[in-house]
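Asker: One structure coming up, written as structure tokens, with questions to follow.
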Amino acid sequence: MLGAVLLGASLWMGGPTLGAMGAVTLARAHEQLGREAFVTGSPPCPAAARRCFELAVHVVEVDEVPVQTPVWLAAQVREANRLFAPIGVGFRVGSVAPVDAERADVDTRLDRDLLGRDEHSLGVIHVFVVRRLADVDVEGEVIRGVHWRDRADTSRRWIILSSIASSMVLAHETGHFFGLPHSSYRTSIMNKSPHMNPPWPMRTFVDEELAIMGRRRDAMVADGTLVDVKARRRARRAEPAG
């Protein structure tokens, strides 16, 4: 689709030599094509997942360059799908939008509030990818991710990922979104204490955590916090034609 836009822009402006308007059109099409890679390059919801939830991704761009790559985001989604499989939940990237460079470094609680306040909506999990995410509790330190509630209205919440986040951080923060606190279980992905037994790639959600997340999954679908994409698709197919 966007490839056709690029070609059409080139032909409309007379081939290889583009005027100013054509150059702008072509540049914008290139930008959009790059952003769409965050959607098209991410894994779909697993076929085995009974419920599928969409991620609305917002990526900071500095000098029109995203602070992270589609490959990085795909790894985050892949790990989340793997770790949420025991409760029949999968995720897919449903949309991507740019965030102004002025939001690149999230240093304060107010920064966290303002980052998502105007973008929040129900039905999806909003995920913001920023260049730097400060630890608001320890001066001078940075963190890799946070599940944040807008202090003006705590029903509005979103996930913020730092560009330095490893591939399991989205799953950890989504665990918070599904009702989990930090954990004392050594094998849990929600345990952030400094130990390597087991190493991070071998950590999962423990049975007690899976039970909590299963209940929160059902509650969030019931109250409209999340929309199950698979259920919506089935409902549309069941609608009478015409």
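Using the working numbering, count along the sequence shown one by one with no gaps and you end on 1715.
Beta carbons are placed, not taken as given, at the ideal position from N, Cα and C, and that holds for glycine.
1) Would you call the segment 1514 to 1528 in contact with the segment 1560 to 1569, where contact means no fewer than 3 C-beta pairs closer than 8 Å?
2) Just verifying my parser: in three-state terms, what is the DSSP assignment at residue 1580?
3) Let me check one thing: in DSSP terms, what residues is residue 1716 bridge-paired to?
4) Under three-state DSSP, which class holds residue 1651?
5) Go ahead and pull the three-state DSSP assignment for residue 1557.
6) Below 7 Å CB to CB, which residues in the same chain sit around residue 1608 once its five sequence neighbours on both sides are set aside?
7) Since residue 1565 is in the beta strand (DSSP E), which residue starts that stretch and which ends it?
8) Quick check on the burial criterion: 16 or more other C-beta atoms within 10 angstroms. Buried or exposed for residue 1645?
9) Where does residue 1611 sit, in a helix, a strand or coil, going by DSSP?
10) Report the rounded CA-to-CA distance for residue 1513 versus residue 1577, giving the unit in angstroms.
11) By how many angstroms is the C-alpha of residue 1702 removed from the C-alpha of residue 1708?
12) At the level of alpha carbons, what is the spacing between residue 1676 and residue 1571?
13) To which residues does DSSP link residue 1682 through a beta bridge?
14) Keeping to the same chain, check which residues put their C-beta closer than 6 Å to that of residue 1700; ignore five residues upstream and five downstream.
15) Can you tell me whether residue 1673 is buried or exposed, with buried defined as 16 or more other CB within 10 angstroms of its CB?
16) When you compare only the Cα positions, how much space is there between residue 1690 and residue 1631?
17) So if DSSP puts residue 1698 in a beta bridge, which residue, or which two residues, is it bridged to?
18) Does DSSP put residue 1484 in a helix, a strand or coil?
Answerer: In brief:
1) yes
2) coil
3) Nothing in the structure corresponds to residue 1716, since the chain is present only between 1474 and 1715.
4) coil
5) helix
6) 1614, 1615, 1616
7) 1562 to 1572
8) buried
9) coil
10) 24 Å
11) 10 Å
12) 32 Å
13) BP columns for residue 1682 are empty, so no partner.
14) 1596
15) exposed
16) 16 Å
17) Beta-bridge pairing links residue 1698 to no other residue.
18) Residue confidence is low: residue 1484 scores 29 on pLDDT, short of 50, so the model does not pin down where it sits. Its coordinate-derived value is still stated next. Helix, per DSSP.
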